[in-house]
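K.L.:
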Amino acid sequence: MGPKGGVGDAPVGSDTPRQKGKATPDTLKIGCIALVTKDGQPRRAEILSIRETKSGRQFYCNFDNFNKRLDEWVPVARIDFDQDVDWPSLEKEKPKDNKVKKASAAPKRAQPSKKAQKKVGKREQSVASEGQTPHPWTEFTENLAQAKAQGKAEDVEDKAVASLEIGGTPGVGPDEMELDEDETPAELAKKERTASFSREEEIEKLRTSGSMTQNPTEISRIRNISKVEFGKWVLFPWYFSPYPEVFSQEDRIFLCEFCLSYYGDLKSFSRHREKCTLQHPPGNEIYRDDFVSFFEIDGRRQRTWCRNLCLVSKMFLDHKTLYYDVDPFLFYVMTTRDDRGCHLIGYFSKEKESTDGYNVACILTLPQYQRKGYGRLLIQFSYELSKIEGKLGSPEKPLSDLGLLSYRQYWSENIVDLLLGYSERDEKCTIEGIASHLAMTTQDVEHTLQALKMQVYHKGEHKIVVPEKLRQQREKSKLKQKRLIDSERIQWKPPVFTASNRTWGW
Amino acid sequence: MATRKVRYKKLSVKTPLTVLREDQIDPTEYESLTNEGQISTGVDHAEENEYHLQAVLQGAGVAADKEIPVPPPEESTLNFDHLYRQKFSKTSTYIRFSQTVEECIGCMYDMTEEDDVFLKSYNQKRPASTQLSEDDFERVMEVFEDTAYIRTPFASVDQTIVSYDEMFQGLQELDAAKVMPHAKQVYEYWKTRRQALGNRPLHPTLKFELHQESDEQDPFVCFRRREVRQTRKTRARDVQSADKLKRLRKELEEGRQLILAAHGRELLKLEMLKTDRAIYDQRAVLKDHKIRLGIKTDDEDLVNQKPQKRKAPEAPAVQRPPPPAQLRLPVRPDGRTAEADLAQLSDRLAEKENELRADIAKKVQNHSEWNKGHVDLTRGPLSPVRGPRLDISFRPAKTQYLMTPPASASSGSLEEPMPMDLDEPEHAPPAFKFRGVAQDEQSMANPPAYRRRIGRLNRLWIDRRGLTSPPRDSSDALSDQWKYDQSSDDEEDVPIYEVDPFDTRALKFRASIPLPAWLLSRAHPATAPVGNRPSILPPPTLPQTITQLHSTQNQTTITPPPAPRTSPSMKTGP
Ligand SMILES: [Zn+2]
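Here the protein sequences come in this chain order: A and B.
The UniProt record's numbering numbers the first residue of the first sequence as 1 and each following residue consecutively.
The UniProt record's numbering numbers the first residue of the second sequence as 1 and each following residue consecutively.
1) Taking 8 Å as the cut-off, is the CB of residue 70 of chain B close to at least one heavy atom of ligand 2?
2) According to DSSP, is residue 306 of chain A helix, strand or coil?
3) Which residues does DSSP list as the beta-bridge partners of residue 273 of chain B?
4) I believe residue 62 of chain A touches residue 71 of chain A by the beta-carbon criterion, under 8 Å. Please report the beta-carbon distance rounded to the nearest angstrom.
5) May I ask which residues mark the beginning and end of the alpha helix (DSSP H) holding residue 338 of chain A?
6) Using a Cβ-Cβ distance cut-off of 9 Å, determine whether residue 474 of chain B contacts chain A.
7) Collect the residues with a C-beta less than 6 Å away from any heavy atom of ligand 1 and give them in sequence order along the chain.
8) In whole angstroms, what is the alpha-carbon distance linking residue 279 of chain A and residue 47 of chain A?
9) Pop quiz: residue 298 of chain A and residue 330 of chain A are said to be a contact at Cβ under 8 Å. What is the actual Cβ separation, rounded to whole angstroms?
10) Here's a check: name, in chain order, each residue in its chain whose Cβ is nearer than 8 Å to the Cβ of residue 466 of chain A, leaving out the five neighbours to either side.
11) Once DSSP output is grouped into helix, strand and coil, what is the label at residue 461 of chain A?
12) Looking at C-alpha atoms only, which residue of A:367, A:371, A:353 and A:469 is the closest neighbour of residue 75 of chain B?
13) What is the C-beta distance between residue 252 of chain A and residue 226 of chain A, in whole angstroms, given that I count them as a contact (C-beta under 8 Å)?
14) Is the Cβ of residue 192 of chain B closer than 9 Å to any Cβ of chain A?
15) On the CB-based measure, 16 or more other CB atoms within 10 Å of its CB, does residue 145 of chain B come out buried or exposed?
16) Consider the Cβ of residue 49 of chain B: report whether some Cβ of chain A lies at a distance smaller than 9 Å.
17) Is the number of C-beta pairs between the stretch 303–323 of chain A and the stretch 390–404 of chain A that are closer than 8 Å three or more?
18) Looking at residue 277 of chain A and residue 104 of chain B, is the spacing between their C-beta atoms short of 9 Å?
19) Using a Cβ distance threshold of 8 Å, determine whether the stretch 81–93 of chain B contacts the stretch 236–244 of chain A, with at least three qualifying pairs required.
20) Are the CB atoms of residue 439 of chain A and residue 391 of chain A nearer to each other than 9 Å?
21) Spatial neighbours of residue 428 of chain B within its chain, please: C-beta separation below 6 Å, excluding the five flanking residues on both sides.
22) Among residues of its own chain, excluding the 5 on either side of residue 300 of chain A, which ones have a beta-carbon nearer than 6 Å to its beta-carbon?
23) Which chain B residues sit within Cβ distance under 9 Å of residue 415 of chain A?
24) Measure the beta-carbon distance from residue 203 of chain B to residue 140 of chain B and round it to whole angstroms, keeping in mind my assumption that it falls under 8 Å.
25) Return no unless some Cβ of chain A is closer than 9 Å to the Cβ of residue 139 of chain B.
26) Less than 7 Å between C-beta atoms, sequence neighbours within five positions excluded: which residues of the same chain meet that for residue 272 of chain A?
27) Apart from the five residues just before and just after residue 378 of chain A, which ones in its own chain have a Cβ nearer than 7 Å to its Cβ?
28) Using 10 angstroms around the beta-carbon of residue 208 of chain B, count the other beta-carbons present and answer buried if the total reaches 16, otherwise exposed.
29) Report the neighbours of residue 240 of chain A on chain B: residues whose CB is nearer than 8 Å to its CB, in chain order.
30) Could you round the C-beta distance between residue 410 of chain A and residue 376 of chain A to whole angstroms and report it? I think they count as a contact, below 8 Å.
31) Taking just the CA atoms, how far does residue 429 of chain A sit from residue 17 of chain B?
32) Could you give the DSSP three-state label for residue 463 of chain B: helix, strand or coil?
33) From the beta carbon of residue 84 of chain B, is the nearest beta carbon of chain A less than 9 Å away?
34) Quick check on the DSSP output: what are the complete beta strand (DSSP E) runs of length 3 or more inside the stretch 212–276 of chain A, in order along the chain?
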């Protein structure tokens, strides 16, 4: 398996052998995997960055199988130096380690050995014996459900550490390591350390010069903004966002709630507030009820505002890319009104022309408005627009974890409602019928039916069964009187773009 | 679930499915088709198995209380009400808005904490009246930053700092009195700030693409331009492009030729001016000689003779022979002779006009010839013919009687309703029909006549004909208000109503106003031709031939005048 093959977004080093050994706060370096206390539990974590603060050295940790938004800077005290750490994989080293490199880069198929299950990280185990153990450390979830069922975090940890090699999982079998038999792993580790010395120097240099990481591709794995003043709220970003580089050094940044302009110091921000006259998103209002408004913003016309919006949302969306400009998108922005203006709750973006039939590109509810049912309104609105367009729509993939949950909830509620109607009227339904009624794609309908275990095979026929618990759940949630979009209030026509838009690929 | 059977029929999206509640079917009788492995969640593969997500997904449909933990937001300690002071009033209709962020902000420079320190200490040293306000400070800084951005786009690389002199132009656009006394010092401050920041813009900016290779990996580089979509290359496209290029080339060449020609012309003009100048000088010399030698002659040869404006012929000579085909350039010293041979524009125009008139006259004659004896009785004849029948209801006006239209005429028109004048282009060519020439012989030949008829909607119309009015005065001062103030014997001064009564707009307008009582009692029905129908040509210069033709036409229909003409102010009963 090539170093960059297959696993795609899997964390660095997951598909290559790792050297194990003890580390100290001074030798622990970027790329190491150590046991770090998280919420009172020890958890494997990859060190992504190191910084010096007044209170001592801190390590930026990405926790095994936790979303990146839970990454954090931890002090030395939270790292268990009694346990072995996995040293960074060798593939990133300089070409002079070509022996090792050869081994890891050998395109041999991984050995799907169910017996390879091994406990690691035990103090008494020798470095040499462990060193040859391939360790794809992210691939452990087979046992997750089971572990969770037991409800003990330790067990989860255990399983996580002792992860199985699942069939087909890229990894390097022990036989491949034999190529390096002439060198003991300890020697290898030593060599590797010396080899990376210059790299460490480099890191040190970068560290003292203010930059936090050594590798440009890793910069984006580390949250660069720690705190955001936004209207009445302080937000704690989840992910990297390409705000001006100097903002990385600020304790907090300030965003204007209306024009979304960004400031590194309070004086500039206050001065801006003296002058800024914007009080709502700079576009046309296309929906209004007592509760929220929607605005339609053209990325091309409102480039600055839409860029600013993307920078904000990138702090909370991992998979959003700001690689390209905002021109080919329309932004549908949901706001809540008060005597100061229309405050941004969330938005979704939509390609002006989607070749894949997506009706949503990115979708976000700002953290201060999450878990209040706004996500559902955003999703509903996106489907209402699709209904007006007479198209079936689907959100662009990948979804975030929160995105998936919101969509699943929206889909299941609407499909269950529809199915109960069919059931009461004793009518048959088709997947296509459900899809066109809800402006959903048939794949999404099937996906939901399967996820909710509603598709059954009974007496030689495909049927749909609405589980009792879903029915009850629906009854309950209906009583809560959730807010909905009133499609009558939408004042919108599908925008038409000129030939030049298409020619230029916008 | 464990053993999946192959006998399942394929499930199509069009397959009608029975929908059952869980309690309507025995759980042992059915198999769920769910196969977890086949559901694609749409979440990124590397994240699909994340602990918290899986925890929620496993419990999906049971309880929604499981949530994915996120860093919680906190309430800000900043003074929101102070920072966001501007009140918002809800509009009654949906907001429509197209201003950009830049347009909503005003001055784009926002002073930083460092600027604040500088400005405070700067202002401390001077009296309140000459202090620099924060707004003005920002405006000045904005000029510096903008100018630097335009003049030195690579400032951070080549480290050039825009000089104060170069800033001057931008500063001119500000309020000089308020700003200029401070500008130089602010500039020095600006310069130190720039230098401290590696000559980068003072406001932190996003990183945009510069070098494709180094940018590619840089996560701070964002909002790249999208590559232009490749248009497919085809032979037709190539031909099209080649044609376009050829045309462009041709047009550019034409432009070039035009410029060359213009250049040549200007050179010739210069030459001419020089020659004129030489002639002038020579004449001055000649004059001197003449004076010295005492030669007394006409000095005509010493000035350029302006070609004399030929007076327009009183009666354009139709017979005028065509001008000589070849034109000689007038010889300057005796320009007059050349002038005589030249055809004058006015001559040509008059000639053309005469030809035109003769032609029209001939056509009219022909037309009436063709239509002799033809009576078109359709309601709205397409080309009504002027014939005896049409004009039969016109009666000569006789002043001996009270002007009441005879009853017989009225009954006659009732039997055969005539089309309204408005529908009849019968007066063609109208230009010559109602000319306003008040020559006595003509008015004798064309005595006033009237008819009464009933038009649409049973409206009563009085049509009149043969009324004369004096030549039209071109002065616009003549106003409508005098129209009915003429005494009946002062016929020479009957004013001309400036509006063409047959103009569609005028007709429409009149149709929209109900006749006021006073008008009904005093005036003719509005549409009656008021003596002079504005003609295309000025009335007094009507050529003889046309006039004759006209009168002959009318003579067939109109009885000779037994009485003097009446003025338009006579009363008519409705
Ligand atoms: Zn603003």
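No residue lacks a Cβ here, since even glycine has one placed at the ideal position from N, Cα and C.
In this text the structure is predicted, and so the values were computed from the model without any measurement.
P.N.:
The structure says:
1) Absence of ligand 2 from the depicted structure is noted, with ligand 1 being the only ligands included.
2) helix
3) Answer is none; residue 273 of chain B lacks a bridge partner.
4) 5 Å
5) Per DSSP, residue 338 of chain A belongs to no alpha helix (DSSP H); it is in the beta strand (DSSP E), 329–338.
6) Low local confidence applies: a pLDDT of 49 at residue 474 of chain B is under 50, so the model's placement there is unreliable, and no value is given.
7) A:256, A:258, A:259, A:261, A:272, A:276 and A:278
8) 43 Å
9) 6 Å
10) 416, 419, 420, 423 and 454
11) strand
12) A:367
13) 7 Å
14) no
15) buried
16) yes
17) yes
18) yes
19) no
20) yes
21) Low local confidence applies: a pLDDT of 44 at residue 428 of chain B is under 50, so the model's placement there is unreliable, with the coordinate-based value given in what follows. Cβ neighbours of residue 428 of chain B beyond the five flanking positions: none.
22) 327
23) Chain B residues near residue 415 of chain A: none, gap ~11 Å exceeds 9 Å.
24) With a Cβ gap of about 15 Å, residue 203 of chain B and residue 140 of chain B do not count as contacting.
25) no
26) 256, 261 and 263
27) 334, 346, 348, 363 and 365
28) exposed
29) 219
30) 6 Å
31) 5 Å
32) strand
33) yes
34) 228–230, 233–235 and 253–255
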